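There are 2 protein chains.
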Amino acid sequence: MKISAQEEYGIRCLLQIGRRTATGGTTIAEISKAERITPSNTAKLVRILRMNGFVASSRGKDGGYTLARAPGEIKLGEVFEVLGGKLFDVGFCDHYAGSADVCSHNDHCTVRSFWCAIQSVLDHVLDQTTLEHLMDPTGLGWWETCLTANPLLNSAPRT
Amino acid sequence: MKISAQEEYGIRCLLQIGRRTATGGTTIAEISKAERITPSNTAKLVRILRMNGFVASSRGKDGGYTLARAPGEIKLGEVFEVLGGKLFDVGFCDHYAGSADVCSHNDHCTVRSFWCAIQSVLDHVLDQTTLEHLMDPTGLGWWETCLTANPLLNSAPRT
DNA sequence: TTTAATCTTGACTTTTTTGTACAATTAAAT
DNA sequence: ATTTAATTGTACAAAAAAGTCAAGATTAAA
């Protein structure tokens, strides 16, 4: 369970574009330089963002990228899904269950139901965070206060 | 951000061993058959579990595997870390920051601080769940109640 | 109309992860 | 002692993900 390179850099590219949208957008060359990844790789990542409606592009001289929506309207959950997919695939059992008719991954699928629970937790957090939160320096760390103010996340005993 | 195959099957192997510890343990051949993965792959996964102190092995005829600790003492957070590592590596910036002295992954590292927040959330959940929770069928879904009883995770507005 | 900056696309290479094979080791039972 | 059933460790092969490259298409300004 790792944050993939594509997620890491994809988010960073989006952040770069977000920061510069107000001043006319930015180019692949600029993003590339700022994030220290190659232009080719940058292009690939930005392409994913564009095809999924997060950024808009204009071609030709003086072209470049801007956000396609307001930062507050871009949920990180959506971005993550596009860049790295869900935590576990539905249809996982189809691939891996071997030749059994029903999911022999068994355990009455306790395991899978647990994966779902983890995913719910993540989704809730990611859907409450927008690009705006990452862009605004004063918004740095609203999540920490959430954590400490929270019964579940704050060493609550469970029974 | 996906659950890796090693995490998925590693947990399942541990679960198999846990279930059969009371009745004398189990073997790689049995686990392999139950989870429908090859014996070789099973051996590899179980080895990781053994080297990290989750299971004990005995060799020779009538050998096999048992839990090294009580199920209630095995936090899933620990197991996950061993099987799949942390969500993002410390030292990530060392690898990817290029030739800059300081982490040029910049953004005043808002991004990284956000990764940390996500990891905290995950860790809290995973450290509150033990193998016992997965083993006990009646314990199915204590996490769902947690979710719905929870302000942060239940569509709480944040400001 | 020319030019230069920029995006767009698909194929290719490298790296990482995942899975497999096989020989060596151990211990109980006979 | 020998046989048998099991674990252990290393090295290798296959698959997936990440990253690179090169040629093409589009646009705006000079």
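Chains A and B, in that order, give the protein sequences. Residue 48 in the working numbering sits at position 48 of the first sequence, and the numbers go up by one each step. Offset between the second sequence (1-based) and the working numbering: plus 1000. Just so you know, even glycine gets a beta-carbon here, dropped at the ideal spot from N, CA and C. None of the values given here were measured: they were computed from a predicted structure.
Whether residue 80 of chain A touches residue 126 of chain A by CB criterion (8 Å): For residue 80 of chain A and residue 126 of chain A, yes; Cβs fall inside 8 Å.
Taking the DSSP output, what are the residues bridged to residue 66 of chain A? For residue 66 of chain A, which the question treats as bridged, DSSP gives the partners A/56.
With DSSP as the reference, label residue 1033 of chain B as helix, strand or coil. When secondary structure is reduced to three states using DSSP, residue 1033 of chain B falls in the helix class.
Could you compute how far the alpha carbon of residue 221 of chain A sits from the alpha carbon of residue 30 of chain A? This structure leaves residue 221 of chain A out entirely; chain A is present only between 1 and 159.
Would you decide whether residue 63 of chain A is buried or exposed? Buried here means 16 or more other CB atoms lie within 10 Å of its CB. By the beta-carbon neighbour count (other beta carbons within 10 angstroms, threshold 16), residue 63 of chain A is exposed.
From residue 1020 of chain B to residue 1032 of chain B, what does the alpha carbon distance come to, in whole angstroms? Answer to the nearest angstrom: the Cα atoms are 14 Å apart.
DSSP three-state assignment for residue 1026 of chain B, whether helix, strand or coil: Residue 1026 of chain B falls in the strand class under three-state DSSP.
Local conformation of residue 129 of chain A per DSSP, three classes: Here residue 129 of chain A sits in coil by DSSP.
Grouping DSSP H, G and I as helix and E and B as strand, with all else coil, what is residue 1086 of chain B? In the structure shown, the three-state DSSP call for residue 1086 of chain B is coil.
Measuring CB to CB, does residue 1002 of chain B end up less than 8 Å from residue 87 of chain A? Cβ atoms of residue 1002 of chain B and residue 87 of chain A: closer than 8 Å.
Helix, strand or coil for residue 44 of chain A per DSSP? Reduced to three states, the DSSP call for residue 44 of chain A is helix.
Using a Cβ cut-off of 8 Å, pull out every chain B residue sitting near residue 7 of chain A, in sequence order please. Taking a Cβ-Cβ threshold of 8 Å, the residues of chain B close to residue 7 of chain A are 1001, in chain order.
Rounded C-beta distance between residue 26 of chain A and residue 16 of chain A? I'm assuming under 8 Å. Residue 26 of chain A to residue 16 of chain A, Cβ: 6 Å. Contact.
So residue 82 of chain A and residue 1121 of chain B are supposed to be a Cβ contact under 8 Å. How far apart are they, rounded? Rounded to whole angstroms, the Cβ separation of residue 82 of chain A and residue 1121 of chain B is 21 Å, and the two are not in contact under 8 Å.
Return the CA-CA distance between residue 49 of chain A and residue 1006 of chain B, expressed in angstroms with no decimal places. When rounded, the distance between both Cα atoms is 30 Å.
Quick one: does residue 1098 of chain B have its CB under 8 Å from some CB of chain A? Any reading at residue 1098 of chain B is ruled out, since the residue's pLDDT is 43, under 50, leaving its predicted position unreliable.
Am I right that residue 111 of chain A and residue 1011 of chain B are in contact with their C-beta atoms under 8 Å? What's the rounded C-beta distance? Indeed they touch by this definition, with Cβ atoms about 6 Å apart.
Return the CA-CA distance between residue 124 of chain A and residue 1042 of chain B, expressed in angstroms with no decimal places. Their backbone Cα atoms lie some 34 Å apart in a straight line.
Tell me, please, whether the CB atom of residue 82 of chain A is closer than 8 Å to any CB atom in chain B? For residue 82 of chain A, no Cβ of chain B is located within less than 8 Å of the residue's own Cβ.
For a contact meaning CB atoms closer than 7 Å, what does residue 85 of chain A contact in chain B? Here the neighbours are 1002.
Report yes if the C-beta of residue 1071 of chain B is less than 7 Å from at least one heavy atom of the ligand COA; otherwise report no. No copy of the ligand COA occurs in the structure displayed, which carries no ligand at all.
Residue 1002 of chain B bridges to which residues according to DSSP? BP columns for residue 1002 of chain B point to A/2.
Within a Cβ cutoff of 6 Å, which residues of the same chain sit near residue 135 of chain A, ignoring the five residues on either side of it in sequence? The residues are 18 and 71.
DSSP has residue 75 of chain A in a bridge; who is on the other side? According to DSSP, which records beta bridges pairwise, residue 75 of chain A is partnered with A/130.
When you compare each of A/133, A/13, A/128 and A/132 to residue 65 of chain A by their alpha carbons, which one comes out closest? The shortest C-alpha separation from residue 65 of chain A is found at A/13.
Alpha carbon to alpha carbon, what distance is there between residue 9 of chain A and residue 45 of chain A? Note on geometry: alpha-carbon atoms of residue 45 of chain A and residue 9 of chain A lie some 8 Å from one another.
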